[in-house]
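The sequence shown maps to residues 15 to 80 in the working numbering.
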Amino acid sequence: MAQDVQEALRDGAGLAWPPCPLPHADDDVQPHVLHVLPDLGPDPHWVCEESGTAAAPLGALGATAS
Ligand SMILES: [Zn+2]
């Protein structure tokens, strides 16, 4: 089951999180996603899971103007 999830993530199928838009010094870095940190608390941000760099405030990605 876990392997299926990993394959789905690697293939980009059913990807629930935004792909990391940040440039990385390592050109060989695998495609990866952003996590919301902190999960609970003030001022959540999308954070690159590879570099730990904050990419954008929560709501700045995939948000539609309303
Ligand atoms: Zn990244």
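For each residue, glycine too, the CB sits at the ideal point set by N, CA and C. On a predicted model such as this, the values are computed, not experimentally measured, just so you know.
| Asked | Found |
| --- | --- |
| Near ligand 1: L51 beta-carbon under 7 Å from a heavy atom | no |
| Below 6 Å from a heavy atom of ligand 1 - residues by beta-carbon | C34, L36, H38, H46, C62, E64, S65 |
| Contact under 8 Å by Cβ, L48 with A74 | no |
| Residues near P45 in its chain [Cβ-Cβ closer than 7 Å; skip 5 each side] | P33 |
| Boundaries (first-last residue) of the beta strand (DSSP E) holding H49 | 48-51 |
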